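Position in the sequence shown counted from 1, then plus 18, gives you the numbering used here.
By construction, the Cβ of each residue, glycine as well, lies at the ideal position given by its N, Cα and C atoms.
Every value quoted in this text rests on a predicted model; they were computed, and no experiment measured them.
Report on the following structure.
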Amino acid sequence: MDISLFSDNYDVRRMDKANIKDIYLLCSENSLFYQYCPPFVTEQSILDDMKALPPNKEMSDKYYVGYYKGDKLIAVMDLIKAYPDEKTAFIGFFMTAAQIQNNGIGSGIIDDLCCYLTHIGFSSVRLGWVKGNPQAEHFWHKNNFTETGITYNTDNYTVVVAQRVL
């Protein structure tokens, strides 16, 4: 995958340890997310997320990226290619900066990504949101994701699995 093609409007960069402070600042402004998906973000939890993989996947399948407008980080995404199957991409995490929410920027990022994934042969995108989080549910429904009927429980919440057919 060529991450520079993830977006038509923003500079997409791989994130690493050097970016943790910027990612933390972006995430920490989104307190509603962490009310539904505890615990609250820490620099260590970001580092852990950068390394987290689903079963049978390798780091070469993972794209932990930041979307930049100039020098400003405006969104973060964790994308796994070919999971849970070869024709599906999985968004493990997506968050936009609080100050740009509710104006279509996040939806534009998702649309650009889906167009690119279609172009390179993927047929769907899958993700999960925390059951009961109205902001997440509304955003993903607005972006043509529908519940698969699959849910799973963690220690702190229930995840609703959703998918968008490309």
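| Query | Result |
| --- | --- |
| Counting Cβ pairs, one atom from each stretch, are 3 or more of them under 8 Å apart for the stretch 106-114 and the stretch 134-149? | yes |
| Sorted by chain position, which residues of the same chain lie with C-beta nearer than 7 Å to GLY9's C-beta, five sequence neighbours on each side aside? | The structure shown does not extend to residue 9, since the chain is modelled only from 19 through 184, so no value can be given for it. |
| At what residue ranges does the stretch 81-114 contain a whole run of the beta strand (DSSP E), taking only runs of 3 or more? | 90-98, 106-114 |
| Please classify MET95: is it buried, with 16 or more other beta-carbons within 10 angstroms of its beta-carbon, or exposed? | buried |
| Three-state secondary structure (DSSP) at ILE168? | strand |
| For THR166, which residues from the same chain have a beta carbon less than 7 Å from its beta carbon, with the 5 sequence-adjacent residues on both sides left out? | VAL179, ALA180, GLN181 |
| What is the residue span of the alpha helix (DSSP H) that GLY146 lies within? | First-last for GLY146: 142-148, but that is the beta strand (DSSP E), not the alpha helix (DSSP H). |
| Whose C-beta lies closer than 6 Å to the C-beta of TYR52 among residues of the same chain, with five residues either side of it excluded? | PHE58 |
| Are the beta-carbon atoms of TYR82 and MET33 separated by less than 7 Å? | yes |
| Tell me which residues share the same chain as GLN117 and place their Cβ nearer than 8 Å to its Cβ, disregarding the 5 neighbours each side in the sequence. | GLU47 |
| Which residues bound the alpha helix (DSSP H) around ASP67? | 61-69 |
| Hey, quick one: how far does the beta strand (DSSP E) through GLN181 stretch, first residue to last? | 176-183 |
| Rounded to the nearest angstrom, how far is the Cβ of VAL183 from that of VAL148, given a contact under 8 Å? | That belief does not hold up - the Cβ atoms of VAL183 and VAL148 are roughly 23 Å apart, past 8 Å. |
| Measuring CA to CA, which of LEU91, SER125, TYR134, ASP129 is closest to ILE21? | TYR134 |
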